[in-house]
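There are 2 protein chains.
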Amino acid sequence: MKELDPILHSQLRLAVMSILMNVEEADFVYLKEQTESTAGNLSVQLDKLSSAGYITVTKGFVGKKTRTTCQVTEQGRKAFEEYVEALKSYLNL
Amino acid sequence: MKELDPILHSQLRLAVMSILMNVEEADFVYLKEQTESTAGNLSVQLDKLSSAGYITVTKGFVGKKTRTTCQVTEQGRKAFEEYVEALKSYLNL
DNA sequence: ATAAACCAGTTTATAATATAAACCAAATAT
DNA sequence: ATATTTGGTTTATATTATAAACTGGTTTAT
Numbered sequence: 001m002k003e004l005d006p007i008l009h010s011q012l013r014l015a016v017m018s019i020l021m022n023v024e025e026a027d028f029v030y031l032k033e034q035t036e037s038t039a040g041n042l043s044v045q046l047d048k049l050s051s052a053g054y055i056t057v058t059k060g061f062v063g064k065k066t067r068t069t070c071q072v073t074e075q076g077r078k079a080f081e082e083y084v085e086a087l088k089s090y091l092n093l
Numbered sequence: 101m102k103e104l105d106p107i108l109h110s111q112l113r114l115a116v117m118s119i120l121m122n123v124e125e126a127d128f129v130y131l132k133e134q135t136e137s138t139a140g141n142l143s144v145q146l147d148k149l150s151s152a153g154y155i156t157v158t159k160g161f162v163g164k165k166t167r168t169t170c171q172v173t174e175q176g177r178k179a180f181e182e183y184v185e186a187l188k189s190y191l192n193l
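Protein chains in written order, with our numbering: chain A, 1 to 93; chain B, 101 to 193.
Structure (structure tokens):
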């Protein structure tokens, strides 16, 4: 049986990646809303995805307010697709 | 975003369920081989699946040797299918 | 017959992970 | 001016996964 990438096999990280796969970029607040996670949890999981090289996290400003935006990297995209393939073998899809 | 049943969202438990979905029954030794898990880990995860009502575990004998066989329950089958549906929304399938 | 190795597991200790609570700095509202 | 909200991060705690150590019985070798 194939290994399931432990970085992706986590509800919240998978949800984040799933969103990022479909948009150009998404910011912290949006991801928090969509995933219904707490800020702390999201912050930690974004760090992990970032450390793994699956996403880039950019801190900027919109007016005077900070804005943290995330994008999936090519590596992240590939990892996500491999994860999907691996999962299929478990799900009989 | 849908919740991912935490009992199923675990590599080893999912692998076990995946196997059991396709066979009438499977014994401990077979599951251990197929999943390449350690006996201890498998034992613990089978307990969890059993406590959740997703599988039944039956201890019998074949000659003088003990034999632990597992079967997925109707509840387990349903949970697995719901898990697959939930996951699809994450994977864009 | 007895010890050594083996098989089929279970129990328990440890490592890893996820999650939320507590915190912080800056901006806005009162 | 100070209280509240916003947008996070850090840290402590709860949960989970995993393997190591153990058990009870069996077969094999001596």
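Glycine included, each C-beta is placed from N, C-alpha and C at the ideal position.
(request) Pull out every residue of the segment 132 to 160 of chain B whose Cβ sits closer than 8 Å to any Cβ of chain A, in chain order. (result) 134, 135 and 136
(request) Could you work out which residue in 92/A, 28/A, 37/A and 2/A is closest to residue 56/A when comparing CA atoms only? (result) 28/A
(request) Consider the Cβ of residue 120/B: report whether some Cβ of chain A lies at a distance smaller than 8 Å. (result) no
(request) At 7 Å on the CB atoms, spell out the chain A contacts of residue 184/B, in chain order. (result) 91
(request) Using a Cβ cut-off of 7 Å, pull out every chain A residue sitting near residue 115/B, in sequence order please. (result) 1 and 90
(message) Using a 10 Å radius around the Cβ and a threshold of 16 neighbouring Cβ atoms, would you call residue 39/A buried or exposed?
(response) exposed
(request) Return the bridge partner residues of residue 71/A from the DSSP annotation. (result) 56/A
(message) According to DSSP, simplified to helix, strand and coil, what is residue 138/B?
(response) coil
(request) Measure the alpha-carbon distance for residue 77/A versus residue 160/B and round it to whole angstroms. (result) 47 Å
(message) Would residue 115/B and residue 90/A qualify as a contact pair, given that the criterion is a beta-carbon distance under 8 Å?
(response) yes
(message) Can you list, in chain order, the residues of its chain with a C-beta nearer than 6 Å to that of residue 158/B? Leave out the 5 residues immediately preceding and following it.
(response) 169
(message) By the three-class DSSP mapping on this structure, what secondary structure does residue 164/B have?
(response) coil
(message) Residues of chain B with CB closer than 9 Å to the CB of residue 11/A, please, in chain order.
(response) 101, 103, 104, 106, 109 and 190
(request) Kindly indicate the opening and closing residues of the alpha helix (DSSP H) around residue 121/B. (result) 111 to 122
(message) Using a Cβ-Cβ cutoff of less than 6 Å, which residues in the same chain neighbour residue 7/A once the five nearest sequence positions on both sides are dropped?
(response) 52
(message) For residue 132/B, tell me which candidate among 122/B, 145/B and 124/B has the shortest Cα-Cα distance.
(response) 145/B
(message) If you measure between the beta carbons of residue 104/B and residue 187/B, is that distance less than 8 Å?
(response) yes
(request) Could you pull out every residue in the same chain whose Cβ sits closer than 8 Å to the Cβ of residue 1/A, ignoring the five residues on either side in sequence? (result) 89 and 90
(message) Please state the DSSP three-state secondary structure of residue 147/B.
(response) helix
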